[in-house]
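Its first residue numbered 1163, the sequence shown is counted upward by one per residue in the numbering used here.
Heads up, the beta-carbon is just placed ideally off N, CA and C, and yes, glycines get one too.
What you are looking at is a predicted structure, and each value in this text was computed from that prediction instead of being measured.
Presented below is the structure to which this report refers.
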Amino acid sequence: MIKVSKLSKKFGQREIFNNISFAIEEGEFVAITGESGSGKTTLLNLISLLDQKYKGRIEIDGKAAFSTKEIQTMQRYKFAYLFQNYALVENETVRQNLQIALKYRKDANPNNSIKKALKIVGMEDAEDHKIYELSGGEQQRVALARVYLKKPKYVFADEPTGNLDKHNRDIVFGLLRKMNAFGTTIIFVTHDMELSQSVGRVIAV
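In C-alpha coordinates, the structure reads:
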(Lines of atoms letter the chains of each structure in order from A and count residues from 1; the text may use other names and numbers.)
(Lines give C-alpha, C1' and ligand atoms only; values in the text may rest on other atoms or scores of the structure.)
Protein backbone atom coordinates (compact mmCIF):
# COMPACT_ATOMS: atom_id res chain seq x y z
CA MET A 1 0.00 0.00 0.00
CA ILE A 2 1.14 3.53 -0.78
CA LYS A 3 -0.25 6.27 1.45
CA VAL A 4 0.37 9.95 0.71
CA SER A 5 -0.46 12.59 3.33
CA LYS A 6 -0.37 16.38 2.88
CA LEU A 7 2.24 16.15 0.12
CA SER A 8 3.61 19.40 -1.28
CA LYS A 9 6.32 20.04 -3.86
CA LYS A 10 8.10 23.13 -5.13
CA PHE A 11 10.76 23.78 -7.73
CA GLY A 12 12.39 26.97 -6.48
CA GLN A 13 9.53 29.38 -5.83
CA ARG A 14 7.15 27.54 -8.16
CA GLU A 15 4.57 25.44 -6.39
CA ILE A 16 3.80 22.24 -8.29
CA PHE A 17 1.09 20.95 -5.95
CA ASN A 18 0.09 21.50 -2.36
CA ASN A 19 -1.36 19.35 0.41
CA ILE A 20 -2.22 16.26 -1.68
CA SER A 21 -3.46 13.17 0.17
CA PHE A 22 -4.51 9.76 -1.17
CA ALA A 23 -3.91 6.03 -0.73
CA ILE A 24 -3.26 3.31 -3.31
CA GLU A 25 -4.19 -0.18 -2.19
CA GLU A 26 -2.25 -3.27 -3.19
CA GLY A 27 -3.40 -4.61 -6.55
CA GLU A 28 -4.96 -1.38 -7.80
CA PHE A 29 -4.58 -0.08 -11.36
CA VAL A 30 -4.35 3.70 -11.04
CA ALA A 31 -4.02 6.48 -13.62
CA ILE A 32 -2.51 9.85 -12.71
CA THR A 33 -3.98 12.52 -14.99
CA GLY A 34 -3.88 16.28 -15.34
CA GLU A 35 -3.04 19.12 -17.67
CA SER A 36 0.44 19.58 -19.08
CA GLY A 37 2.71 20.96 -16.37
CA SER A 38 0.35 20.00 -13.54
CA GLY A 39 2.93 17.76 -11.87
CA LYS A 40 1.87 14.27 -12.96
CA THR A 41 5.42 13.01 -13.55
CA THR A 42 6.66 14.83 -10.46
CA LEU A 43 4.07 13.03 -8.34
CA LEU A 44 5.00 9.67 -9.86
CA ASN A 45 8.69 10.31 -9.17
CA LEU A 46 7.91 11.14 -5.55
CA ILE A 47 5.81 8.08 -4.75
CA SER A 48 8.33 5.83 -6.53
CA LEU A 49 11.18 7.39 -4.49
CA LEU A 50 13.07 8.68 -7.52
CA ASP A 51 12.70 12.14 -5.97
CA GLN A 52 12.93 12.48 -2.20
CA LYS A 53 12.66 16.26 -1.80
CA TYR A 54 9.16 17.15 -0.64
CA LYS A 55 7.03 18.23 2.31
CA GLY A 56 4.52 15.81 3.75
CA ARG A 57 4.54 12.07 4.21
CA ILE A 58 4.87 9.14 1.79
CA GLU A 59 4.29 5.72 3.33
CA ILE A 60 5.06 2.51 1.44
CA ASP A 61 4.02 -0.84 2.90
CA GLY A 62 3.68 0.69 6.35
CA LYS A 63 7.01 2.54 6.39
CA ALA A 64 7.58 6.25 5.83
CA ALA A 65 11.27 6.97 6.46
CA PHE A 66 13.80 5.32 4.18
CA SER A 67 17.57 5.11 4.22
CA THR A 68 19.48 5.21 0.96
CA LYS A 69 20.05 1.46 1.26
CA GLU A 70 16.34 0.78 1.82
CA ILE A 71 15.40 2.82 -1.23
CA GLN A 72 17.96 0.96 -3.30
CA THR A 73 16.59 -2.38 -2.09
CA MET A 74 13.01 -1.43 -2.98
CA GLN A 75 14.05 -0.19 -6.40
CA ARG A 76 15.86 -3.46 -7.04
CA TYR A 77 13.27 -5.90 -5.72
CA LYS A 78 9.85 -4.26 -5.30
CA PHE A 79 9.70 -1.55 -7.95
CA ALA A 80 9.86 -1.52 -11.73
CA TYR A 81 9.82 1.55 -13.92
CA LEU A 82 8.51 2.08 -17.43
CA PHE A 83 9.61 5.37 -18.96
CA GLN A 84 8.51 7.19 -22.09
CA ASN A 85 12.14 7.24 -23.29
CA TYR A 86 12.46 3.45 -22.68
CA ALA A 87 15.69 3.69 -20.57
CA LEU A 88 17.45 0.92 -22.50
CA VAL A 89 21.17 0.56 -23.28
CA GLU A 90 21.13 1.33 -27.00
CA ASN A 91 24.42 -0.28 -28.03
CA GLU A 92 23.64 -3.58 -26.31
CA THR A 93 21.38 -6.38 -27.50
CA VAL A 94 17.82 -7.01 -26.43
CA ARG A 95 18.98 -10.05 -24.46
CA GLN A 96 21.68 -8.07 -22.64
CA ASN A 97 19.12 -5.44 -21.65
CA LEU A 98 16.75 -8.07 -20.30
CA GLN A 99 19.50 -9.78 -18.32
CA ILE A 100 19.63 -6.62 -16.19
CA ALA A 101 16.13 -7.41 -14.89
CA LEU A 102 17.29 -10.81 -13.66
CA LYS A 103 20.37 -9.50 -11.87
CA TYR A 104 18.63 -9.36 -8.48
CA ARG A 105 16.13 -12.18 -8.96
CA LYS A 106 16.88 -15.88 -8.63
CA ASP A 107 15.96 -17.66 -11.84
CA ALA A 108 16.73 -21.33 -12.49
CA ASN A 109 16.62 -20.84 -16.26
CA PRO A 110 17.17 -17.19 -17.20
CA ASN A 111 17.48 -17.88 -20.93
CA ASN A 112 14.05 -19.50 -21.02
CA SER A 113 12.58 -16.66 -18.97
CA ILE A 114 13.93 -14.10 -21.44
CA LYS A 115 12.55 -16.03 -24.40
CA LYS A 116 9.14 -16.27 -22.72
CA ALA A 117 9.05 -12.55 -21.94
CA LEU A 118 9.97 -11.66 -25.52
CA LYS A 119 7.28 -13.98 -26.86
CA ILE A 120 4.67 -12.32 -24.66
CA VAL A 121 5.48 -8.89 -26.15
CA GLY A 122 5.82 -10.25 -29.70
CA MET A 123 9.59 -9.69 -29.91
CA GLU A 124 10.84 -13.29 -29.90
CA ASP A 125 12.87 -12.79 -33.08
CA ALA A 126 14.71 -9.74 -31.75
CA GLU A 127 16.79 -11.30 -28.98
CA ASP A 128 20.14 -10.61 -30.67
CA HIS A 129 19.21 -7.24 -32.16
CA LYS A 130 20.86 -4.09 -30.85
CA ILE A 131 18.42 -1.66 -29.25
CA TYR A 132 19.27 1.12 -31.71
CA GLU A 133 18.07 -1.12 -34.55
CA LEU A 134 14.52 -1.17 -33.17
CA SER A 135 11.64 1.24 -33.64
CA GLY A 136 10.29 3.24 -30.71
CA GLY A 137 7.35 0.89 -30.31
CA GLU A 138 9.62 -2.14 -30.33
CA GLN A 139 11.91 -0.55 -27.75
CA GLN A 140 8.99 0.09 -25.42
CA ARG A 141 7.94 -3.54 -25.78
CA VAL A 142 11.48 -4.61 -24.78
CA ALA A 143 11.27 -2.25 -21.80
CA LEU A 144 7.96 -3.86 -20.88
CA ALA A 145 9.48 -7.34 -21.15
CA ARG A 146 12.15 -6.15 -18.71
CA VAL A 147 9.45 -5.03 -16.27
CA TYR A 148 7.67 -8.38 -16.64
CA LEU A 149 10.88 -10.32 -15.95
CA LYS A 150 11.51 -8.40 -12.75
CA LYS A 151 8.24 -9.61 -11.15
CA PRO A 152 7.80 -6.39 -9.15
CA LYS A 153 5.21 -5.56 -6.54
CA TYR A 154 4.74 -2.06 -7.97
CA VAL A 155 5.06 -0.78 -11.54
CA PHE A 156 5.49 2.97 -12.06
CA ALA A 157 4.92 4.00 -15.68
CA ASP A 158 5.33 7.51 -17.07
CA GLU A 159 3.29 7.96 -20.28
CA PRO A 160 4.12 4.37 -21.30
CA THR A 161 1.99 4.57 -24.45
CA GLY A 162 2.46 8.26 -25.25
CA ASN A 163 4.64 7.81 -28.34
CA LEU A 164 3.17 4.53 -29.57
CA ASP A 165 0.83 3.59 -32.40
CA LYS A 166 -2.36 1.70 -31.57
CA HIS A 167 -0.81 -1.74 -32.17
CA ASN A 168 2.07 -1.16 -29.75
CA ARG A 169 -0.17 0.68 -27.30
CA ASP A 170 -2.50 -2.31 -27.10
CA ILE A 171 0.42 -4.70 -26.51
CA VAL A 172 1.91 -2.55 -23.74
CA PHE A 173 -1.37 -1.84 -21.99
CA GLY A 174 -2.56 -5.41 -22.40
CA LEU A 175 0.47 -6.79 -20.54
CA LEU A 176 0.12 -4.18 -17.80
CA ARG A 177 -3.47 -5.37 -17.36
CA LYS A 178 -2.29 -8.97 -17.23
CA MET A 179 0.30 -8.17 -14.57
CA ASN A 180 -2.34 -6.30 -12.59
CA ALA A 181 -4.67 -9.30 -12.79
CA PHE A 182 -1.95 -11.32 -11.04
CA GLY A 183 -1.68 -8.79 -8.21
CA THR A 184 0.89 -6.23 -9.35
CA THR A 185 0.00 -2.65 -8.44
CA ILE A 186 0.17 -0.46 -11.55
CA ILE A 187 0.46 3.33 -11.30
CA PHE A 188 0.79 5.21 -14.56
CA VAL A 189 0.81 8.78 -15.82
CA THR A 190 -1.24 9.50 -18.93
CA HIS A 191 -2.91 12.28 -20.86
CA ASP A 192 -4.98 9.69 -22.77
CA MET A 193 -8.52 9.98 -21.41
CA GLU A 194 -9.59 6.71 -23.04
CA LEU A 195 -6.87 4.81 -21.18
CA SER A 196 -7.43 6.57 -17.87
CA GLN A 197 -11.16 5.84 -17.97
CA SER A 198 -10.51 2.15 -18.64
CA VAL A 199 -8.72 1.48 -15.33
CA GLY A 200 -9.96 1.12 -11.80
CA ARG A 201 -9.19 4.58 -10.53
CA VAL A 202 -7.99 8.05 -11.53
CA ILE A 203 -5.96 10.51 -9.44
CA ALA A 204 -6.26 13.99 -10.95
CA VAL A 205 -3.44 16.46 -10.33
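C-alpha gap between residue i and residue j, whole angstroms
i, j, result
"residue 1197", "residue 1320", "14 angstroms"
"residue 1259", "residue 1171", "34 angstroms"
"residue 1322", "residue 1305", "10 angstroms"
"residue 1364", "residue 1194", "6 angstroms"
"residue 1199", "residue 1210", "19 angstroms"
"residue 1279", "residue 1251", "18 angstroms"
"residue 1238", "residue 1262", "10 angstroms"
"residue 1299", "residue 1272", "24 angstroms"
"residue 1353", "residue 1256", "29 angstroms"
"residue 1274", "residue 1181", "47 angstroms"
"residue 1331", "residue 1285", "14 angstroms"
"residue 1270", "residue 1277", "14 angstroms"
"residue 1249", "residue 1203", "16 angstroms"
"residue 1228", "residue 1268", "25 angstroms"
CA nearest to the CA of residue i, picked from the options
i, options, result
"residue 1168", "1205, 1176, 1192 and 1191", "1205"
"residue 1208", "1352, 1164, 1265 and 1251", "1164"
"residue 1176", "1185, 1201, 1194 and 1261", "1201"
"residue 1189", "1343, 1359 and 1230", "1343"
"residue 1358", "1324, 1341 and 1330", "1324"
"residue 1328", "1356, 1276, 1203 and 1174", "1356"
"residue 1173", "1217, 1182, 1185 and 1184", "1217"
"residue 1230", "1212, 1276, 1223 and 1332", "1212"
"residue 1296", "1181, 1254 and 1214", "1254"
"residue 1186", "1332, 1203 and 1222", "1222"
"residue 1235", "1266, 1203, 1294 and 1281", "1266"
Check whether residue i and residue j have beta carbons under 8 angstroms apart
i, j, result
"residue 1192", "residue 1361", "yes"
"residue 1334", "residue 1307", "no"
"residue 1315", "residue 1240", "yes"
"residue 1317", "residue 1244", "yes"
"residue 1166", "residue 1220", "yes"
"residue 1302", "residue 1326", "yes"
"residue 1242", "residue 1340", "no"
"residue 1367", "residue 1184", "no"
Residue i - DSSP class collapsed to helix/strand/coil
i, result
"residue 1332", "helix"
"residue 1364", "strand"
"residue 1339", "helix"
"residue 1176", "strand"
"residue 1166", "strand"
"residue 1358", "helix"
"residue 1308", "helix"
"residue 1244", "strand"
"residue 1218", "strand"
"residue 1316", "strand"
"residue 1231", "helix"
"residue 1265", "coil"
"residue 1275", "helix"
"residue 1253", "coil"
"residue 1259", "helix"
Task: Cβ pair count under 8 angstroms reaching 3, the stretch 1343-1354 against the stretch 1285-1298 - done: no
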